[in-house]
Amino acid sequence: MTRKLLPLFVLTALSASAYAATPPNTLVVAQGLDDIVSLDPAEANELSSIQTVPSLYQRLVQPDRNDPAKITPILAESWQADAAAKTLTIKLKSDAKFASGNPLRPEDVIFSYTRAVTLNKSPAFILNVLGWQPDNIASQLKKVDDHTLQLSWTADVSPAVALNILSTPIASIVDEKLVAANVKGSDFGNEWLKMHSAGSGAFKMRVYQPHQAIVLEANETSPTGAPKLKSVIIKNVPDPASRRLLIQQGDADVARDLGADQIDALQGKPGLQVLSIPSAEQNYLVFNTGNSTNPLLANPAFWEAARWLVDYNGITKDLLKGQYFVHQSFLPVGFPGALDNTPFKFDPAKAKEILAKAGIKDAHFTLDVENKPPFITIAQSMQASFAQGGVKVDLLPAAGSQVYARVRAKQHQAAIRLWIPDYFDAHSNASAFAYNDGKSSTVAGLNSWKIPELNKATLAAVAEPDTAKRLDLYKEMQEELQRHSPYVFIDQGKTQIVVRDNVKGYQQGLNADMVWYDRVTK
Amino acid sequence: MPAALPNPTAQRTRRLLSALLQSLLTLALTLLGLLLVTFALSALSPVDRVLQIVGDHASQSTYDQVRHQLGLDRSLPVQFWHYLVNLAHGDLGTASATGQPVLHDLLAAFPATLELATLALIIGAVFGVVAGVLCARYAGSPWDFAVRTLTLLGNSVPIFWLGLLMLALFYAKLQWSPGPGRLDDIYQFTIEAKTGFALIDTWLSGDKEAFRNALSHLVLPVLLLAYYSLASITRLTRSACLSEMNKEYILLARAKGAGEMSILLRHVLPNIRGTLLTVIALAYTSMLEGAVLTETVFSWPGIGRYLTTALFAGDTAAIMGGTLLIGVCFVLINNLTDVLVRLTDPRVR
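Taken in order, these protein sequences are the chains called V and L. Mapping of the first sequence onto numbering that gives the first Met the number 0: position 389 corresponds to residue 388, and the numbering continues sequentially without gaps. Mapping of the second sequence onto numbering that gives the first Met the number 0: position 149 corresponds to residue 148, and the numbering continues sequentially without gaps.
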């Protein structure tokens, strides 16, 4: 048996030569897919699913891919806003069809929003911003005629904010007729949509094998036009080193989530190009002002000193090797109204002076941090840089969900956290960092930061219908938080993606859902 | 009147039935204990399963809803009891990480691992036993030294590192082997997965190229796992042979003029078969449960990787299901080994 097996294996190994080619007309993407819980747009909330859903579904409006500050109609043909009445009257594209061939109707829009709100899955809080809740959603959506519907909302938000919210993946429009045939009980087709698609995006789902691959097939009848490639295979390659080998060998056309070392190794390699795209992801340090075991954490002088004790350049340039850049305000660069000034630098002498002036001695705190890069890297740098300012930091590394759980239970003293906006609007971040009504789990709330004045400012900004005035309000809030808050904004991320140089037309934007495969050619 | 002698056939049947019942009871208790420990470990883990699913931006109402759906708002004994009741009905629950029934996931993942581990075991056992016997025969020779060094490496070098090196050399540099995964993309989604075993499915499809492709994808991970099992099998075979060769009956055989190879093959090997079977069975079970790193490096969608993902996601249903499957395999393989040892070795009957 051995005599027969050995030559068989050796022969197979030696004769397998032409391996380095992806199928023609197909884009092969190598990335980790283990985070996906669901591909139902009403439930998708993880990075990999949020990146995939926009290829399968479309929304009434979406941020322009070249100028995301501008909202462009996709399934809507036009809209009429009434700020006083808090309504949007939307005319749908009359010739738009789903991949199934079913025409787009107002009923599909009403069904999509109703199911998203009623199912109340993890991204539902985005639609809740409009005041939409399971018990009132039916009264907020009204069919006007075969191509028109009226949307109303109860919250005090301007129509511009409402449109931005409707441009998020959870507001994707699903094909009611197709989904209705696959509903189980009161699940609105949720179980079926985890594995199948019912949208009008540039692609439709051919196969989804959890933890293995997503295979997308061109939707030739997409209202925004057929994609240039016939299919996209998004492969789960859990190990970044294997992803690097695949892209290097040409067995993948695009590789995501490579570490800084892998990117370094691939820079300048023939046949490959490294794309560096700013992302809206930010890392920040936060002090839990309500932690009674350490009163120092509620001291504004200590917050101020902390801002001078972070080695911003050392972290971004040396440790994180250019995958992040210094950014010190709560709106990421690229968002309308973002402040891009960087008033703070590493200055331990200045920090010591601030601490001495405030009479703070033997400062120390514990720092909850996820035990993986970039968080642990940032934390270790901070431990060293804070020590130079006379502040002792004890690291509490743990798995991501453990850190979330401790922060949610307000058991932490300080934490290094990541923030990604949930929708392309300043309110997404302002409502997290500058709003605490004592009930919601906002970042300010989880850190017991009491801010009645900022609450008013946040509510005023989201209700302001004048765009220029609104942006000014956010600028003022950012300046305020930059100088007087328990947050130290450290950096903003850059998504680094490696693509083969025969791949043209790949586009990716600031937010996680801004991934476009439809114009790719190879 | 003399008392009637008991019927020997009936006695034997009773003994057999009693032994079978005892084995079944032991199996049930072992699995119950395994489930209890796994459940307790999952329950005591600091991972918040709800947050793993909903993320940290979700509203409190969503958090509470998912917590209720997962049954986490009930007491731990009630949760465990519900799990057992569902299990008795063949329901292993739904994996939160895939949204699919755990049984469905396991049936999809297990054949991938079984195929990999079985092929690796065949190679590892055949070469391991042969190398071990030869090392014992030529103990202290350069051959013995070389093989022992090689097996020492197998016992000490991290498997993921060696896997990556193999990929870098045979895939990236020499281009002799395909990259990670079970099949090339052109076959991955066209071959119908009837059995879940890539070799069988591609063979059944009638596409010889696909079969060749599946075989070529298996070469590196199989050789890697085989090397690790070979390392332990070789060393244990060698030491078992050497300890047997010091016994008196071997001395007698030598005195009667038997050659060394004949002594090894005719006297030593039959006497160490029990040890060999146990070592091979242990290597097999450890490959079934512990091929995690090989599966990660080679993007192999097997049970090891399924369990690791479930562990990181705090997906208790998937962890319990995977543990149960591996536990059943472990018990079955061990029992099968016992039976084989009893059948082949008259000393333990």
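Glycine residues also receive a C-beta, built at the ideal position from the N, C-alpha and C atoms. Predicted, not measured: the structure shown is a model, and the values here were computed from it.
Checklist entry - DSSP three-state call for ASP143(L): helix, strand or coil? => result As a working note, residue 143(L) is residue 144 in the second sequence. Three-state DSSP puts ASP143(L) in a helix.
Checklist entry - For a contact meaning CB atoms closer than 9 angstroms, what does ASN181(V) contact in chain L? => result Within the first sequence, the letter at position 182 stands for residue 181(V). Those within 9 angstroms of ASN181(V) in chain L number zero; the least Cβ separation is about 14 angstroms.
Item to check | Helix, strand or coil at SER400(V) [DSSP, three-state] | outcome: Taking the first residue of the first sequence as 1, we reach residue 400(V) at position 401. In this structure, SER400(V) counts as helix in the three-state DSSP scheme.
Checklist entry - Taking Cβ positions only, does ARG304(L) come closer than 8 angstroms to chain V? => result Residue mapping note: residue 304(L) aligns to position 305 of the second sequence, counting from 1. Taking a beta-carbon distance threshold of 8 angstroms, ARG304(L) counts as an interface residue toward chain V.
Item to check | Integer Cβ distance of MET204(V) from HIS195(V), believed to fall under 8 angstroms | outcome: In the first sequence, the residue the question calls residue 204(V) occupies position 205. In the first sequence, the residue the question calls residue 195(V) occupies position 196. With 8 angstroms as the limit, MET204(V) and HIS195(V) qualify as a contact, their Cβ atoms being about 6 angstroms apart.
Checklist entry - What residues in its chain sit with their C-beta under 8 angstroms from that of LEU4(V), if we drop five residues either side in the sequence? => result Within the first sequence, numbered from 1, the residue matching residue 4(V) stands at position 5. Because LEU4(V) sits at a pLDDT of 45, beneath the cut-off of 50, its placement in the model cannot be relied upon, and the following sentence gives the value as read from the coordinates. Scanning its chain for C-beta atoms nearer than 8 angstroms, with the 5 sequence neighbours on each side dropped, one finds no residue around LEU4(V).
Checklist entry - Start and end of the beta strand (DSSP E) containing PRO277(V)? => result Within the first sequence, residue 277(V) is the residue found at index 278, counting from 1. For PRO277(V), the uninterrupted beta strand (DSSP E) run begins and ends at 271-286, by DSSP.
Checklist entry - What does ALA57(L) touch in chain V if you count any residue whose Cβ is under 7 angstroms from its own? => result Here residue 57(L) is taken as the residue at index 58 of the second sequence, counted from 1. Near ALA57(L) (Cβ distances below 7 angstroms), the residues of chain V are SER121, PHE124.
Item to check | Residues, ordered as in the chain, of the segment 222-244 of chain V that lie near chain L by beta-carbon distance below 8 angstroms | outcome: Those residues of the segment 222-244 of chain V that come within reach of chain L (Cβ to Cβ, closer than 8 angstroms) are ILE232, LYS234, ASN235, VAL236, PRO237, ASP238, ALA240, SER241, LEU244.
Item to check | DSSP bridge partner residues for MET381(V) (one or two, in chain order) | outcome: For this step, residue 381(V) is matched to residue 382 along the first sequence. None, per the DSSP bridge assignment.
Checklist entry - Just curious, the beta strand (DSSP E) that PHE169(L) is in, first and last residue? => result Translated into the one-based positions of the second sequence, residue 169(L) becomes position 170. For PHE169(L), there is no enclosing beta strand (DSSP E), since its DSSP letter is neither H nor E.
Item to check | Closer than 8 angstroms at the beta carbon, the chain V residues around PRO358(L) | outcome: Because chain L in this structure spans residues 0 to 348, residue 358(L) falls outside the shown range and cannot be described.
Item to check | Beta-carbon separation (whole angstroms), PHE202(V) vs SER427(V), contact threshold 8 angstroms | outcome: The count along the first sequence starts at 1 and reaches residue 202(V) at position 203. The count along the first sequence starts at 1 and reaches residue 427(V) at position 428. In fact, because the Cβ distance is near 27 angstroms, the residues do not count as touching under 8 angstroms.
Item to check | Selection of the segment 389-419 of chain V by Cβ proximity to chain L, strictly under 8 angstroms | outcome: Across the segment 389-419 of chain V, CB contacts with chain L closer than 8 angstroms involve ALA397, ALA398, SER400, GLN401, TYR403, ALA404, VAL406, ARG407, in sequence order along the chain.
Item to check | C-alpha gap between TRP131(V) and GLY31(V), whole angstroms | outcome: The count along the first sequence starts at 1 and reaches residue 131(V) at position 132. The count along the first sequence starts at 1 and reaches residue 31(V) at position 32. Roughly 34 angstroms separates the two Cα atoms.
Item to check | Same chain, Cβ closer than 7 angstroms to ALA230(L), neighbours up to 5 away in sequence not counted | outcome: Working through the second sequence from its first residue, we reach residue 230(L) at position 231. Closer than 7 angstroms at Cβ, skipping near neighbours: THR150, GLY153, ASN154.
Next on the checklist: Assess contact between the segment 324-332 of chain V and the segment 469-483 of chain V, defined as three or more Cβ pairs (one per stretch) separated by less than 8 angstroms. Is contact present?
Outcome noted: Enough Cβ pairs lie closer than 8 angstroms, so yes.
Checklist entry - Would ASN127(V) count as contacting chain L if we go by Cβ distances under 8 angstroms? => result Position 128 of the first sequence, counted from the first residue, corresponds to residue 127(V). True, the Cβ-Cβ gap to chain L drops below 8 angstroms.
Checklist entry - Among residues of its own chain, excluding the 5 on either side of ASN127(V), which ones have a beta-carbon nearer than 8 angstroms to its beta-carbon? => result Residue mapping note: residue 127(V) aligns to position 128 of the first sequence, counting from 1. For ASN127(V), where only same-chain residues beyond five positions count, the Cβ hits under 8 angstroms are VAL116.
Checklist entry - How long is the line joining the alpha carbons of LEU339(L) and LEU287(L), rounded to whole angstroms? => result Position 340 of the second sequence, counting from 1, holds the residue named residue 339(L). Position 288 of the second sequence, counting from 1, holds the residue named residue 287(L). For LEU339(L) and LEU287(L), the distance between alpha carbons rounds to 20 angstroms.
Checklist entry - If you follow the alpha helix (DSSP H) that ASN85(L) is part of, which residue opens it and which one closes it? => result Position 86 of the second sequence, counted from the start, is the residue given in the question as residue 85(L). Where ASN85(L) is concerned, the enclosing alpha helix (DSSP H) starts and stops at 75-87.
Next on the checklist: Using a Cβ-Cβ distance cut-off of 8 angstroms, determine whether THR117(V) contacts chain L.
Outcome noted: Along the first sequence, read from residue 1 onward, the residue named residue 117(V) stands at position 118. No, its Cβ sits nowhere closer than 8 angstroms to a Cβ of chain L.
Next on the checklist: Which residue marks the beginning of the beta strand (DSSP E) containing TYR422(V), and which one marks its end?
Outcome noted: In the first sequence, the residue the question calls residue 422(V) occupies position 423. Run containing TYR422(V): none; DSSP gives neither H nor E here.
Checklist entry - Quick one: Cα of TRP80(L) to Cα of ARG73(L), how far? => result Here residue 80(L) refers to the residue found at position 81 of the second sequence. Here residue 73(L) refers to the residue found at position 74 of the second sequence. A direct Cα-to-Cα measurement between TRP80(L) and ARG73(L) gives close to 11 angstroms.
Item to check | Cβ-based burial, ASN435(V) [other Cβ within 10 Å; buried from 16] | outcome: Counting from one through the first sequence, the residue named residue 435(V) turns up at place 436. Taking every protein chain shown into account, the CB of ASN435(V) has 16 or more other CB atoms within 10 angstroms, so this residue is buried.
Checklist entry - Per DSSP, ASN163(V) forms a beta bridge with which residues? => result For the purposes of this step, residue 163(V) is identified with residue 164 of the first sequence, where counting begins at 1. Answer is none; ASN163(V) lacks a bridge partner.
Next on the checklist: What does the alpha-carbon distance come out to for the pair LEU140(V) and LEU83(L)?
Outcome noted: Walking along the first sequence from the start, residue 140(V) turns up at place 141. Walking along the second sequence from the start, residue 83(L) turns up at place 84. A direct Cα-Cα distance of roughly 45 angstroms separates LEU140(V) from LEU83(L).
Checklist entry - Which partner residues does SER484(V) have in the DSSP bridge list? => result Here residue 484(V) refers to the residue found at position 485 when the first sequence is read from its first residue. For SER484(V), DSSP assigns no beta-bridge partner whatsoever.
Checklist entry - Is the Cβ-Cβ distance between THR520(V) and GLY504(V) less than 8 angstroms? => result Along the first sequence, read from residue 1 onward, the residue named residue 520(V) stands at position 521. Along the first sequence, read from residue 1 onward, the residue named residue 504(V) stands at position 505. Contact flag set, yes.
Checklist entry - Can you name the start and end residues of the beta strand (DSSP E) that SER138(V) belongs to? => result On the first sequence, residue 138(V) is found 139 positions in, with the first residue counted as 1. In this chain, SER138(V) is not harboured by any beta strand (DSSP E); it is covered by the alpha helix (DSSP H) spanning 136-139.
Checklist entry - Going along chain L, which residues have a C-beta under 8 angstroms from ALA212(V)? => result Here residue 212(V) is taken as the residue at index 213 of the first sequence, counted from 1. Going along chain L in sequence order, the residues near ALA212(V) (Cβ under 8 angstroms) are GLN187, PHE188.
Checklist entry - Based on the DSSP output, what are the partners of ASN235(V) in its beta bridges? => result What you label residue 235(V) is simply residue 236 of the first sequence in a count that begins at 1. Beta bridge pairing from DSSP links ASN235(V) with GLN30(V).
Checklist entry - Hey, does THR21(V) have any beta-carbon neighbour from chain L nearer than 8 angstroms? => result For the purposes of this step, residue 21(V) is taken as residue 22 along the first sequence, with counting starting at 1. It does; some Cβ of chain L falls within 8 angstroms.
Item to check | Neighbourhood of SER447(V) by C-beta, 7 angstroms cutoff - its chain only, sequence neighbours within 5 removed | outcome: Within the first sequence, the letter at position 448 stands for residue 447(V). Taken in chain order, the residues that qualify are ASN287, THR288, GLY289, LYS409.
Item to check | C-beta neighbour in chain V for THR194(L), strict 8 angstroms | outcome: Indexing the second sequence from 1 puts residue 194(L) at position 195. Taking Cβ atoms only, chain V never reaches closer than 8 angstroms to THR194(L), which makes this a no.
Next on the checklist: Excluding the 5 residues flanking PHE374(V) on each side, which residues of the same chain have their C-beta closer than 6 angstroms to its C-beta?
Outcome noted: For the purposes of this step, residue 374(V) is taken as residue 375 along the first sequence, with counting starting at 1. Answer for PHE374(V): VAL368, ILE415, listed in chain order.
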